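S.K.:
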Amino acid sequence: MLRIDLHVHTSHSYDGLCSVEDAVKAAKAKGLNGIAITDHNTISGHHEAKKFSKRSFIIIPGVEISSADGHILGLGVNELVPRELSARETVKRIKEQGGIAIAAHPFALGRKPNLVYRAKFDAIEAFNSRALFFSNPLARRFAERNRFPMVAGSDAHHRDEMGLASTTLNCKPNIDSILEQIRRGETSISGRTLPLSIFLWRVFQRIPHRSYER
């Protein structure tokens, strides 16, 4: 069985507070078998991450794309998909690379709730550790009712958040097998939300580093 955090940010994200090396070390310390590096609108962390990817620890290349309709996770991509495209076009370009497209925290506060209807996603992020209050139950209910595969991720921006949520898969320890298992919906998810007080403190920490991103 593999336990993987499928939504992780590093200092390659404008709001990331964790280096790639620290992210990997923290994930290993939490007993994870791998992570997906999904920085905001960049794949620059992939090149740095290659030296930390070994048979015993899997690093899935990914990205969190700011589409015109909301945030979309692309896993298994090696070419950057431009931001601000429609969800439909974003998903199309992810799949053209052989990747999978996931609706990220689709019912989180402040997000556009119609994202899930805008494109043919491979999976729904049914649990996100930074999606507070009613967001995760709504995402899970939508996925179950519409028979979407479900994944979970911490959405970590700091090393201490690694592994707060994870997706468990029973497959070979390689990227292709993991992506195929997700497509088939053969996953189980678990997680806990980041306490509101810590979430607010993290936001305060990164204010000096913020640019006008979303």
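Under the working numbering, the first residue of the sequence shown carries the number 1327, and numbering increases by one thereafter.
The beta carbon of each residue, even a glycine, is placed where N, CA and C say it ideally should be.
Remember, it's a predicted structure, so these values are computed and weren't measured experimentally.
#1: What span of residues does the alpha helix (DSSP H) with T1368 cover, start to end?
#2: Note down, in chain order, each residue of its chain lying with its Cβ closer than 7 Å to the Cβ of R1509, except the 5 sequence neighbours on either side.
#3: Quick test of your reading: R1409 and I1391, contact by CB under 8 Å. State the CB separation rounded to the nearest angstrom.
#4: Expressed to the nearest angstrom, what Euclidean distance is found between the alpha-carbon atoms of A1353 and S1514?
#5: If distances are taken between C-alpha atoms only, which option among R1485, G1396 and E1470 comes closest to D1331?
#6: Which same chain residues end up closer than 8 Å to T1519 when comparing Cβ atoms and leaving out the 5 residues on each side of it in sequence?
#7: Below 8 Å CB to CB, which residues in the same chain sit around N1500 once its five sequence neighbours on both sides are set aside?
#8: Give the straight-line distance between the Cα atoms of F1460 and H1483, rounded to the nearest whole angstrom.
#9: Give me whichever residues DSSP pairs with H1397 in a beta bridge.
#10: Taking the straight line between their C-alpha atoms, what separation do you get for R1536 and N1496?
#11: Of the choices D1481, K1446 and R1466, whose alpha-carbon is the least far from that of I1361?
#12: Rounded to whole angstroms, what is the Cα-Cα separation between I1363 and S1492?
#13: State the Cα-Cα distance for the pair T1368 and E1374, rounded to the nearest angstrom.
#14: Exposed or buried, I1533, counting other C-beta atoms within 10 Å across all chains shown (16 or more means buried)?
#15: Less than 7 Å between the beta carbons of L1399 and I1386, yes or no?
#16: My guess is that D1395 and L1441 are in contact by the Cβ rule of under 8 Å, so how many angstroms apart are they, rounded?
#17: Rounded to whole angstroms, how far is the Cβ of L1358 from the Cβ of R1329, which I believe are closer than 8 Å?
#18: What span of residues does the beta strand (DSSP E) with R1329 cover, start to end?
#19: Between R1397 and A1445, is the Cβ-Cβ spacing less than 7 Å?
M.R.: In brief:
#1: Looking at the DSSP string, T1368 is not in any alpha helix (DSSP H), and its letter there is neither H nor E.
#2: I1426, D1448 and P1475.
#3: 6 Å
#4: When rounded, the distance between both Cα atoms is 19 Å.
#5: Minimum Cα distance to D1331 is reached at R1485.
#6: If we look at T1519 and ignore the five residues flanking it on each side, its Cβ neighbours are S1455, R1456, A1457, L1458, N1462 and L1490.
#7: Closer than 8 Å at the Cβ level, and outside the excluded window around N1500, lie I1384.
#8: For F1460 and H1483, the gap between their C-alpha atoms comes out near 21 Å.
#9: S1392
#10: Its pLDDT being 48, under 50, R1536 is placed unreliably in this model, and the value from its coordinates should be taken loosely. The alpha-carbon atoms of R1536 and N1496 are separated by roughly 39 Å.
#11: The candidate whose alpha carbon is nearest that of I1361 is D1481.
#12: 13 Å
#13: So the two alpha carbons sit approximately 13 Å from each other.
#14: Any reading at I1533 needs caution, since the residue's pLDDT is 49, under 50, leaving its predicted position unreliable; the model's value is listed next. Around the CB of I1533, fewer than 16 other CB atoms lie within 10 Å, so the residue is classed as exposed.
#15: No, Cβ-Cβ distance for L1399 and I1386 is not below 7 Å.
#16: 5 Å
#17: 6 Å
#18: L1328 to V1334
#19: Per the sequence shown, residue 1397 should be read as His rather than Arg. Taking 7 Å as the Cβ cut-off, H1397 and A1445 do not qualify as a contacting pair.
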